[in-house]
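**Student:** For the record, the sequence lines run as chains A and B. For the first sequence, the working numbering assigns the number 27 to the initial residue and increments by one for each residue that follows. For the second sequence, the working numbering assigns the number 4 to the initial residue and increments by one for each residue that follows.
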Amino acid sequence: MTEPAAEQDPKPDVNALHNVPDATPVDLEAAFRDSHVQEVLDKLDRELIGLKPVKTRIREIAALLLVDRLRKGLGLTSGAPSLHMCFTGNPGTGKTTVALRMAEILHRLGYIRRAEVVSVTRDDLVGQYIGHTAPKTKEVLKKAMGGVLFIDEAYYLYKPENERDYGAESIEILLQVMENNRDDLVVILAGYKDRMDKFFQSNPGMSSRIAHHIDFPDYGPGELLSIAKLMLEEQQYRFSPEAEQAFADYIVKRMKMPHFANARSARNALDRARLRQANRLFAKPGAKLTKKDLVTIEPEDILASRVFSDGVPDTEAPKAATL
Amino acid sequence: MMTNIGNRVTQGQFSFLPDLTDAQITAQLKYALNNNWAIGIEYTDDAHPRNTYWEMFGNPMFDLKDPAGILMEINNCRKTFPHHYIRVTAFDSTRGVESPTMSYIVNRPKVEPGFGLVRQEVEGRSIRYTVHSYATDKPEGERYGK
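Following this line, the structure appears as structure tokens:
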């Protein structure tokens, strides 16, 4: 058995503002150290290139949560901050990755109980027929309780052109839980900027319940090259110096083409370069290979891309290119 | 003679204690989840000691990892069956164990009329006894008020 008093929050002392002397020292640094948030922020800095405004915002949120915790320690009121967020940005700008990091930060600060992200899309929330949506949405919410619910492409939830769409029902339940279970659940919506703006216009209730709107900027060519190098390092590959130059050219060319998806395009390009590298190694039978050959991406692996020869992205079907 | 003071059904854990608060239930749920036990919610309006199998409210929650979600479901069940007995069971699915490990009542009717002893005279001077719940004289669903 647990004592009931131990489980319930102590009532905030209304007079704490006046009773506790103003000069009471608070150790912000110690609290910061103890929470180990710096580790996560450092990791964020290391593993996420660019995204300056995002990092600044995360730092601010972390600071607010920490200060709130110190205030609570002194008996000052700290209204449970609303932590629901909206990430907007173009494809491949790192929204999902940041959501995962966010869960870690909030967990370290003790605002969620599990550093776990339940990632869902419209299909997981909205049902097919009448009476199907509510249980489905509730099921997902129950699963996400105590952690972070990440709704990707959230604007699909609401389809204004179909007034009998069940998405509205799902949004209603979401709003209710976002309001009532603020201590148990953090909801992060993600999607493209313009569509999310439209989504919020038609759902003002949703917009007002989300405290943090964070916009993810596109990456520059330099940043994409750093990201690509980081990705290769994770997979234990490396560029030869010429290949690095080739990839820099590739990025500049690819950025001007349609369907460019920032870091995702870089990842796909690398995957294809690895394919070509493997093929190249196979193509010279009898040659003595070393470890260096296995880990190095050479310029020809990249220059073989149709971005250079035909001026079209590789992802497009060859038929479409010839037509 | 009243042996059960307060005339409360005392089944499962904590049943001689005052009703658990939501915070206490959450703590118990946390304990069960930490042991990887799946939690199920059951209800009945016939809490006879021999009535082992109550109705399940939804499926056993094998996939939930946080007490808040389960508490949501408990409150949902309370809203649906405000005058029923509702109990929470924890189930250990480890192979070879596969049995309930915890069971406690989280909702009970306001008035519990209790049980009477029915004596049946049989051959000779023998008497057979049976325990009869006063509430079950009424039809299902109306036993503890609507």
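Where is the CB? At the ideal position from N, CA and C, for every residue including glycine.
My output table needs one value for P52/B: the three-state DSSP class, helix, strand or coil.
**Tutor:** As a first step, residue 52/B must be located in the second sequence, where it is residue number 49. In this structure, P52/B counts as coil in the three-state DSSP scheme.
**Student:** CB I253/A to CB A216/A, shorter than 7 Å?
**Tutor:** Sequence index remark: in the first sequence, residue 253/A carries index 227 (1-based). Sequence index remark: in the first sequence, residue 216/A carries index 190 (1-based). No, they are not a contact pair.
**Student:** For F265/A, which residues does DSSP report across the bridge?
**Tutor:** Start at 1 with the first residue of the first sequence, and residue 265/A comes out as number 239. According to DSSP, F265/A bridges with I323/A.
**Student:** Can you tell which of L167/A, L91/A, Q154/A has its C-alpha closest to the C-alpha of H133/A?
**Tutor:** By 1-based counting over the first sequence, the position of residue 133/A is 107. Selected option, being the one with the closest Cα: L91/A.
**Student:** Note the first and the last residue of the continuous beta strand (DSSP E) segment covering T83/B.
**Tutor:** As a first step, residue 83/B must be located in the second sequence, where it is residue number 80. Taken as a continuous stretch (DSSP letters only), T83/B belongs to no beta strand (DSSP E), being part of the alpha helix (DSSP H) at 70–83.
**Student:** With distances taken from CA atoms, which of M283/A, L250/A, A160/A is nearest L200/A?
**Tutor:** Counting from one through the first sequence, the residue named residue 200/A turns up at place 174. Of the listed residues, the one whose Cα sits closest to L200/A is A160/A.
**Student:** Taking just the CA atoms, how far does I28/B sit from Q14/B?
**Tutor:** Numbered from its first residue, the second sequence carries residue 14/B at position 11. Numbered from its first residue, the second sequence carries residue 28/B at position 25. Answer to the nearest angstrom: the Cα atoms are 16 Å apart.
**Student:** Could you have a look at S228/A and say whether DSSP puts it in helix, strand or coil?
**Tutor:** For the purposes of this step, residue 228/A is taken as residue 202 along the first sequence, with counting starting at 1. Three-state DSSP puts S228/A in a helix.
**Student:** Quick check on E268/A: buried or exposed, where buried means 16 or more other Cβ atoms within 10 Å of its Cβ?
**Tutor:** As a position in the first sequence, residue 268/A is number 242, starting the count at 1. Exposed is the call here.
**Student:** Taking Cβ to Cβ, would you say A50/B is nearer than 7 Å to I42/B?
**Tutor:** If you number the second sequence from 1, residue 50/B lands on position 47. If you number the second sequence from 1, residue 42/B lands on position 39. Not in contact: A50/B and I42/B (Cβ atoms no closer than 7 Å).
**Student:** Which same chain residues end up closer than 6 Å to L349/A when comparing Cβ atoms and leaving out the 5 residues on each side of it in sequence?
**Tutor:** To locate residue 349/A, count along the first sequence from 1; it is residue 323. Only weak support exists for where L349/A lies, its pLDDT of 38 falling under 50; the coordinates are left without a value.
**Student:** Do we get a CB-CB distance below 7 Å when we pair G72/B with the residues of chain A?
**Tutor:** In the second sequence, residue 72/B corresponds to position 69, counting from 1. Closer than 7 Å to some Cβ of chain A, the Cβ of G72/B qualifies, so yes.
**Student:** How far does the alpha helix (DSSP H) with F65/B in it reach, from first residue to last?
**Tutor:** Here the question's residue 65/B lines up with position 62 in the second sequence. Here F65/B belongs to no alpha helix (DSSP H), and DSSP marks it neither H nor E.
**Student:** Which value, in whole angstroms, describes the spacing of the CA atoms of L109/A and A88/A?
**Tutor:** Residue numbering aside, residue 109/A sits at position 83 when the first sequence is read from its first letter. Residue numbering aside, residue 88/A sits at position 62 when the first sequence is read from its first letter. Whole-angstrom Cα-Cα distance: 11 Å.
**Student:** Spatial neighbours of Q227/A within its chain, please: CB distance less than 6 Å, with the 5 preceding and 5 following residues excluded, ordered by chain position.
**Tutor:** As a position in the first sequence, residue 227/A is number 201, starting the count at 1. Same-chain partners within the cutoff: there are none.
**Student:** Taking 7 Å as the threshold (beta carbon to beta carbon), is M4/B in contact with chain A?
**Tutor:** In the second sequence, residue 4/B corresponds to position 1, counting from 1. With a pLDDT of 45 at M4/B, under the threshold of 50, the modelled position of this residue cannot be trusted; read the value that follows with caution. Answer no: the Cβ-Cβ gap between M4/B and chain A never drops below 7 Å.
**Student:** For P247/A, which residues in the same chain have their Cβ closer than 8 Å to its Cβ, ignoring the five residues on either side in sequence?
**Tutor:** Locating residue 247/A in the first sequence gives position 221, counting from the first residue. Excluding residues within five positions, the ones whose Cβ falls inside 8 Å are A274, I277, V278, M281.
**Student:** From V143/A to T316/A, what distance separates their C-alpha atoms?
**Tutor:** As a first step, residue 143/A is located in the first sequence; it is residue number 117 there, counting from the start. As a first step, residue 316/A is located in the first sequence; it is residue number 290 there, counting from the start. Those two C-alpha atoms are separated by around 41 Å.
**Student:** Counting only Cβ pairs nearer than 8 Å, list the residues of chain B close to N207/A.
**Tutor:** Reading the first sequence from its first residue, position 181 is the one you call residue 207/A. Near N207/A (Cβ distances below 8 Å), the residues of chain B are A71, M75.
**Student:** Report the partner residues of G86/B according to the DSSP bridge assignment.
**Tutor:** Start at 1 with the first residue of the second sequence, and residue 86/B comes out as number 83. Reading off the sequence shown, one finds His at residue 86/B, where the question assumed Gly. Looking at the DSSP assignment, H86/B forms no beta bridge with any residue, so it has no partner.
**Student:** If we define contact as Cβ-Cβ less than 7 Å, is L32/B a contact residue for chain A?
**Tutor:** Mapped onto the second sequence, residue 32/B falls at position 29. L32/B does not count as touching chain A.
**Student:** Residue range of the alpha helix (DSSP H) that Q123/B falls in?
**Tutor:** Mapped onto the second sequence, residue 123/B falls at position 120. Segment 118–124 is the beta strand (DSSP E) holding Q123/B; no alpha helix (DSSP H) there.
**Student:** Enumerated in chain order, which unbroken segments of the beta strand (DSSP E) with a length of 3 residues or greater are wholly contained in the segment 91–136 of chain A?
**Tutor:** 111–115
**Student:** Hey, T119/A and D244/A are a contact pair by Cβ (cut 8 Å); roughly how many whole angstroms apart?
**Tutor:** For the purposes of this step, residue 119/A is taken as residue 93 along the first sequence, with counting starting at 1. For the purposes of this step, residue 244/A is taken as residue 218 along the first sequence, with counting starting at 1. Right, their Cβ atoms sit about 6 Å apart.
**Student:** Using a Cβ cut-off of 7 Å (strictly closer), state whether G231/A contacts chain E.
**Tutor:** Checking the listed chains, one finds no chain E in this structure; the protein chains it contains are A and B.
**Student:** Are the beta-carbon atoms of A93/B and W57/B separated by less than 7 Å?
**Tutor:** Locating residue 93/B in the second sequence gives position 90, where the first residue counts as 1. Locating residue 57/B in the second sequence gives position 54, where the first residue counts as 1. Not closer than 7 Å, so no.
**Student:** Closest to K98/A by CA distance: which of R83/A, L126/A, E86/A, V46/A is it?
**Tutor:** Position 72 of the first sequence, counting from 1, holds the residue named residue 98/A. It is V46/A.
**Student:** According to DSSP, is L215/A part of a helix, a strand, or is it coil?
**Tutor:** Taking the first sequence and counting its residues from 1, one reaches residue 215/A at position 189. Secondary structure at L215/A: strand, using DSSP grouped into helix, strand and coil.
**Student:** Kindly indicate which residue of F334/A, L74/A, C112/A, G172/A has the alpha-carbon position closest to the one of A237/A.
**Tutor:** As a working note, residue 237/A is residue 211 in the first sequence. For the residues F334/A, L74/A, C112/A, G172/A, the minimum Cα distance to A237/A belongs to C112/A.
**Student:** Report the three-state DSSP secondary structure of I108/B (helix, strand or coil).
**Tutor:** Reading the second sequence from its first residue, position 105 is the one you call residue 108/B. In this structure, I108/B counts as strand in the three-state DSSP scheme.
**Student:** Would you report the Cα separation of M257/A and M204/A, rounded to the nearest angstrom?
**Tutor:** Position 231 of the first sequence, counted from the first residue, corresponds to residue 257/A. Position 178 of the first sequence, counted from the first residue, corresponds to residue 204/A. So the two alpha carbons sit approximately 36 Å from each other.
**Student:** For the segment 194–222 of chain A, list every residue whose C-beta sits within 7 Å of some C-beta in chain B, in sequence order.
**Tutor:** N207, D210
**Student:** Mind pulling the chain B residues with CB within less than 8 Å of G157/A?
**Tutor:** Locating residue 157/A in the first sequence gives position 131, counting from the first residue. Here the premise fails: no neighbours, minimum Cβ distance about 15 Å.
**Student:** Under 7 Å between C-beta atoms, does Q34/A make it to chain B?
**Tutor:** Position 8 of the first sequence, counted from the first residue, corresponds to residue 34/A. With a pLDDT of 44 at Q34/A, under the threshold of 50, the predicted position of this residue should be treated as unreliable, though the coordinate-derived value follows. Yes, its Cβ sits closer than 7 Å to a Cβ of chain B.
**Student:** Less than 7 Å between the beta carbons of G172/A and A71/B, yes or no?
**Tutor:** Start at 1 with the first residue of the first sequence, and residue 172/A comes out as number 146. Start at 1 with the first residue of the second sequence, and residue 71/B comes out as number 68. Contact: yes.
**Student:** Could you pull out every residue in the same chain whose Cβ sits closer than 6 Å to the Cβ of G117/B, ignoring the five residues on either side in sequence?
**Tutor:** Residue numbering aside, residue 117/B sits at position 114 when the second sequence is read from its first letter. Hits under 6 Å: N10.
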